[in-house]
Amino acid sequence: MEKHYRLILWTLPKIANFPKDQRFLLADRIEMLLLDVLSLLIEATYSAQKQETLKSANLKVEQMRFMMRIAKDMEYVNIKGYDFFCVSLLEIGRMIGGWRRSEEAKQNQNPCVHGYKERSPKERGPDIVTCP
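Counting in the numbering used here, the sequence shown runs from 139 upward without gaps.
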């Protein structure tokens, strides 16, 4: 999350320098995607079901990559800035992907969707709730 926060701080002044006609189109889209990803990462941090939130964050990272590519092709961002942005976004995407795989592995270890661990009949007692 910290890397994405730093990317936001680096990107906002850059997109503020876009031509006026693009400031409210392309720059606004990039800004919204940056902030949406930050919100999704915060949500995933505190959510019990992280998979869908991380999937959405990953999708927005990909959308952001294409928006910035358009900005580079239109020469609103120089190659060096575009390279920094892409390298940062690639690292953030890898982190999100690793987080998703980690959550998936946790979920596969305990396939019960209710979060309760299956217990053998010997382990079960009248006060123990088991997965239906």
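All C-beta atoms, glycine included, are put in the ideal place defined by N, C-alpha and C.
Owing to the predicted nature of the structure, the values given are computational and were not obtained by experimental measurement.
With fewer than 16 neighbouring CB atoms inside 10 Å of its own CB, LEU173 falls in the exposed class. Apart from sequence neighbours up to five positions away, the residues of its chain that approach TRP237 with a beta-carbon distance below 7 Å are LEU192, ordered along the chain.
Judged by their CB atoms, MET205 and PHE223 are not nearer to each other than the 8 Å cut-off. By the 16-neighbour rule on beta-carbons within 10 angstroms, ARG167 is buried.
When secondary structure is reduced to three states using DSSP, SER194 falls in the helix class.
Burial check for LYS198: the Cβ neighbour count within 10 Å reaches 16 or more, so the residue is buried. Here LEU145 is near ILE230, since their CB atoms are less than 8 Å apart. With respect to the C-alpha of MET233, the residue from PRO157, ARG161, ALA182, ASP159 having the closest C-alpha is ALA182.
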